[in-house]
Amino acid sequence: MSQQPKAVILLSGGLDSSTCLAIARDQGFLPLALSFRYGQRHQHELDAAARVAKALGAARHMVVDIDLRAFGGSALTADIAVPKDRDEGAMAEGIPVTYVPARNTIFLSFALALAEVEQAQDIFIGVNAIDYSGYPDCRPDFIAAFETMANLATKAAVGDGRRLTIHTPLLRLSKADIIRTGRKLGVDYGLTTSCYDPTDAGLACGHCDACKLRLKGFSEAGLTDPAAYA
97 MSQQPKAVIL LSGGLDSSTC LAIARDQGFL PLALSFRYGQ RHQHELDAAA RVAKALGAAR
157 HMVVDIDLRA FGGSALTADI AVPKDRDEGA MAEGIPVTYV PARNTIFLSF ALALAEVEQA
217 QDIFIGVNAI DYSGYPDCRP DFIAAFETMA NLATKAAVGD GRRLTIHTPL LRLSKADIIR
277 TGRKLGVDYG LTTSCYDPTD AGLACGHCDA CKLRLKGFSE AGLTDPAAYA
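Right, here's the structure in full:
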């Protein structure tokens, strides 16, 4: 009997990454969830990641500390206002101030290191090129380039022939389709959080880009968002 293959899942505690974890598990992988305390504005997303990892049966949930506040440059890591109540046209135009410089590159690099140590050949990341906020590190070209680099940079690939695959199962799905997929796989979206600027109690603001895209997705899926809003 073959051993269940491991996969590293980048888990933020949000809607997309939680769906990714459920998909990896459904595809027969043993999920190793990886989250980051990177200097983000609030702890709520890490609390959500822990809830999701437990509920969806991750074999392991690791939280790594890095401090991207040292560089700043983002509304998520510096004293910069989070944009609110932008329409879809504004959200689709340019790269917003909530973009964290090099974040996915850094997160994938850590995932690559964990995958090599755990002898995993698969990494899942919940990037999306449909309903997203214009981040350059969520685009297909970036993922393909990182996968190429990963297979040039590790002993696992170069020495042992264990090539790494980066899975982006949500890349071409609308937010509504992501939600429908997750619901079929048993994701409890009440455990997740997407808000860029929640209250101290963890209530979602309902006005930032992440909240608006999430609410739009639930509406288009014909469902009610179970998250708690201020």
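This note's numbering numbers the first residue of the sequence shown as 97 and each following residue consecutively.
Glycine included, each C-beta is placed from N, C-alpha and C at the ideal position.
What span of residues does the alpha helix (DSSP H) with residue i cover, start to end?
i, result
"Arg121", "Leu111 to Asp122"
"Val196", "Unbroken run through Val196: none, as it is neither H nor E."
"His140", "His140 to Ala151"
"Glu243", "Pro236 to Ala249"
"Arg279", "Lys271 to Lys280"
Assuming the contact rule is C-beta atoms closer than 8 Å, residue i and residue j should be a hit. Round their C-beta distance to whole Å, please.
i, j, result
"Asp112", "Gly282", "Wrong, their Cβ atoms sit about 16 Å apart, outside the cutoff."
"Ile226", "Ser270", "5 Å"
"Leu126", "Lys102", "5 Å"
"Gln136", "Thr194", "Their Cβ separation, rounded to whole angstroms, is 11 Å, which puts Gln136 and Thr194 out of contact at 8 Å."
"Arg147", "Leu287", "4 Å"
"Phe238", "Phe132", "Actually they are not in contact, since the Cβ atoms of Phe238 and Phe132 sit about 18 Å apart, beyond 8 Å."
"Gly230", "Ala166", "So it is not a contact: roughly 24 Å between Cβ atoms."
"Ser114", "Gly313", "Contact doesn't hold; Cβ gap of about 13 Å is too wide."
Can residue i and residue j be called in contact, C-beta distance under 8 Å?
i, j, result
"Leu266", "Ala246", "no"
"Leu142", "Val159", "yes"
"Leu106", "Ala241", "no"
"Glu212", "Ala155", "no"
"Gly298", "Thr289", "yes"
"Ala324", "Ala306", "no"
"Asp233", "Thr264", "no"
"Arg199", "Leu152", "no"
"Phe220", "Ala145", "no"
"Ile275", "Ala317", "yes"
"Leu117", "Ala216", "no"
"His138", "Pro236", "no"
"Cys304", "Val196", "no"
"Pro322", "Tyr292", "no"
"Tyr134", "Ile176", "no"
"His157", "Ala149", "yes"
"Leu210", "Val104", "yes"
"Gly124", "Gln99", "no"
Name the two residues that bound the continuous beta strand (DSSP E) containing residue i.
i, result
"Ile262", "Thr261 to His263"
"Ile105", "Lys102 to Leu106"
"Asp161", "Arg156 to Asp161"
"Cys132", "A small fix is needed here, since residue 132 is Phe in this sequence, not Cys. It spans Leu126 to Arg133 - the beta strand (DSSP E) in which Phe132 sits, taken as one unbroken run."
"Asp218", "Asp218 to Phe220"
With which residues is residue i paired in a DSSP beta bridge?
i, result
"Val213", "According to DSSP, which records beta bridges pairwise, Val213 is partnered with nothing at all."
"Cys304", "Lys180"
"Tyr325", "Ala300"
Check whether chain D comes within 8 Å of residue i, counting only Cβ atoms and requiring the distance to be less than that.
i, result
"Arg199", "The structure shown has no chain D; it contains just one protein chain."
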